[in-house]
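Colleague:
Residue numbers (the numbering used here): 20 to 266.
1. Using the Cα positions of residue 45 and residue 193, report the straight-line distance between them to the nearest angstrom.
2. If you run the structure through DSSP and keep just helix, strand and coil, what is residue 207?
3. If you reduce the DSSP assignment to three classes, tell me which class residue 67 lands in.
4. Would you mind working out which of 79, 129, 84, 87 sits nearest residue 40, comparing C-alpha positions?
5. Specify the secondary structure class of residue 199 as computed by DSSP and reduced to three states.
6. Can you look up residue 33 in the DSSP assignment and give me helix, strand or coil?
7. To the nearest angstrom, how far is it from the Cα of residue 93 to the Cα of residue 57?
8. Once the 5 residues before and after residue 42 are set aside, which same chain residues still bring their CB inside 6 Å of it?
9. Output the distance between the C-alpha atoms of residue 140 and residue 124, rounded to the nearest integer angstrom.
10. Kindly indicate which residue of 133, 171, 186 has the alpha-carbon position closest to the one of residue 157.
11. Spatial neighbours of residue 199 within its chain, please: C-beta separation below 8 Å, excluding the five flanking residues on both sides.
12. For the beta strand (DSSP E) that contains residue 39, what are its first and last residues?
13. Threshold first: 3 residues or longer. Then list the beta strand (DSSP E) segments lying entirely within the region 52 to 116, N to C.
14. Please state whether DSSP places residue 122 in a helix, a strand or coil.
15. Please report the distance separating the alpha-carbon of residue 114 from that of residue 133.
16. If I'm right that residue 136 touches residue 33 with Cβ under 8 Å, what's the distance once you round it to whole angstroms?
17. From what residue to what residue does the alpha helix (DSSP H) around residue 138 run?
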């Protein structure tokens, strides 16, 4: 697979932890715009210029770019400076990139590229339910007929409550939060990405420890205790995380 200049970010890359399509970055080198920044099998960031079933993956180290493009490193070009920064990131998932690129003052060419694909959003519904169900139970009790297929369905439950008791509970919640009841849907929308990101990271984590159902809970607790902000980067797949002893 070669990377064409007008190729859009595909869903696999968009939903990945280890792939960043460089076309979303404001690079000045055209051939780099067609490449990808990936974590290789050694979990090192490299530039992937092409990938093909017959020839394999054509990778080049970031530090080898000056030789490849005849850059004068006495005055490093902006592309080199930018790629060095991005290459240090532990994860290229959309949530980590939003925060990290903003912190590094790196603008992006396509904000939609930093959103999960529609197919991934649908897949995350089952994970997201685990986070939203307690909140819904507070308002609607143990009603089993409340259908949740996306986070939009959660917001609708608060925007258009159809049960008198539920409406009263929403008023009580609003009073505790010191806001108006009609403001709750807006706040829920603001927190929607948080619920979705937690679901995404849980999906990332589940295949890594299928024999330990409590591993996710332990990781979240460990992240809270050590202030390692697990929702900022999906650290467990590689560098920054070591499992705590909780036996």
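Backbone N, C-alpha and C fix where the C-beta goes; we use that ideal spot for every residue, glycine too.
Modeller: Once the coordinates are examined:
1. Numbered from 1 along the chain shown, position 26 holds the residue referred to as residue 45. Numbered from 1 along the chain shown, position 174 holds the residue referred to as residue 193. Whole-angstrom Cα-Cα distance: 43 Å.
2. Residue 207 sits at position 188 when you count from the first residue of the chain shown. In this structure, residue 207 counts as helix in the three-state DSSP scheme.
3. As a first step, residue 67 is located in the chain shown; it is residue number 48 there, counting from the start. Correct three-state label for residue 67: strand.
4. Residue 40 sits at position 21 when you count from the first residue of the chain shown. If we check each option's Cα against that of residue 40, 129 comes out closest.
5. Taking the chain shown and counting its residues from 1, one reaches residue 199 at position 180. Residue 199: coil per DSSP, three-state reduction.
6. For the purposes of this step, residue 33 is taken as residue 14 along the chain shown, with counting starting at 1. Here residue 33 sits in helix by DSSP.
7. Locating residue 93 in the chain shown gives position 74, where the first residue counts as 1. Locating residue 57 in the chain shown gives position 38, where the first residue counts as 1. Taking the straight line joining both Cα atoms gives about 27 Å.
8. Position 23 of the chain shown, counting from 1, holds the residue named residue 42. The answer, listed in chain order, is 52.
9. Within the chain shown, residue 140 is the residue found at index 121, counting from 1. Within the chain shown, residue 124 is the residue found at index 105, counting from 1. Their Cα atoms are separated by approximately 28 Å.
10. Translated into positions along the chain shown, residue 157 becomes position 138. That would be 186, whose Cα lies nearest to the Cα of residue 157.
11. Counted from its first residue, the chain shown places residue 199 at position 180. These residues qualify, in order along the chain: 193.
12. As a first step, residue 39 is located in the chain shown; it is residue number 20 there, counting from the start. Residue 39 -> beta strand (DSSP E) spans 38 to 40.
13. 55 to 58, 64 to 71, 75 to 80
14. On the chain shown, position 103 is the one that residue 122 refers to. Of the three classes helix, strand and coil, the one that applies to residue 122 here is helix, per DSSP.
15. Translated into positions along the chain shown, residue 114 becomes position 95. Translated into positions along the chain shown, residue 133 becomes position 114. So the alpha carbons of these two residues sit roughly 7 Å apart.
16. Stepping through the chain shown from its first residue, residue 136 is reached at position 117. Stepping through the chain shown from its first residue, residue 33 is reached at position 14. The pair is a contact, with the Cβ atoms about 5 Å apart (cut-off 8 Å).
17. Looking up residue 138 in the chain shown gives position 119. Here the alpha helix (DSSP H) through residue 138 covers 137 to 142.
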